[in-house]
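Using our numbering, the first residue of the sequence shown is number 340, and each one after it goes up by one.
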Amino acid sequence: MIISILSADNKWGIGKRNGLLFSLPLDMKFFRTTTSGHVVAMGENTLLSFPNSKPLKNRTHIVLSADPTHNYEGVINVHSFEDFLKTIKEKALNEDVYIIGGASIYNQMIPYVDKILLTKVYEDGGAEVFFHNLDEDPNFECVEMGEPLIDNGYEIRFTTYVNKNKKSI
């Protein structure tokens with residue numbers, strides 16, 4: 340399966356200044372637990388936003404950089420969106436692949452994902468980049484909505500959307 344995993348505020352905002360909108364320990368634990376031992380696919384800026392710009396532990400990383408001179412240690416480097424899709428397709432034959440950002444990657448991958456694990460944050464985070472509004476997209480259906488939780492003072496819900504019209508890679 341190909342699965343996007345992210346959090347968004349109540350305006351579908353997902354980030355600002357190449358960072359997250361909120362500090363959400365429960366959401367971060369969910370992300371770590373869900374993606375650990377799996378493949379994560381991202382754009383270059385997402386990798387650079389990690390501590391020390393290093394890959395996350397216990398995951399295989401696919402990193403897309405448009406600059407062919409940018410090759411990072413400990414990851415699968417690809418330099419075109421076509422190669423990104425091809426590598427994801429190969430990995431997804433045997434294991435789940437999680438799309439983890441940034442905004443451009445999330446939005447380009449929407450047609451190809453099986454599902455989206457979205458943590459809804461019921462606040463305005465003052466975002467600079469936004470995600471696709473899944474509630475207004477007839478191709479997506481919210482099939483699971485968790486109970487409201489308080490995470491570091493913010494109300495959140497863990498939700499799952501399925502893509503009813505997935506495109507093949």
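Glycine is no exception: its CB is placed at the ideal position from the N, C-alpha and C atoms. Please read all numbers here as calculations on a predicted model, not as lab measurements.
Report task. For T458, I'd like the list of residues in its chain whose CB is within less than 6 angstroms of its CB, leaving aside the five on either flank, ordered along the chain. Result -> S346, D366, I495, F497
Query raised in the report: Just to check, is the beta-carbon of E412 closer than 6 angstroms to a non-hydrogen atom of the ligand FMN?
Result: This structure lacks the ligand FMN; in fact it carries no ligand of any kind.
Requested in this report: Give the straight-line distance between the Cα atoms of L456 and T408, rounded to the nearest whole angstrom.
Outcome: 33 angstroms
Requested in this report: Name, in chain order, the residues that DSSP records as bridge partners for Y493.
Outcome: D490
Query raised in the report: If you draw a straight line from the C-alpha of P394 to the C-alpha of V414, how long is it?
Result: 7 angstroms
Query raised in the report: Which residues mark the beginning and the end of the beta strand (DSSP E) in which Y437 is found?
Result: 436–438
Query raised in the report: Considering only C-alpha positions, which residue in the set R398, I438, L403 is nearest to D422?
Result: L403
Query raised in the report: Grouping DSSP H, G and I as helix and E and B as strand, with all else coil, what is N416?
Result: strand
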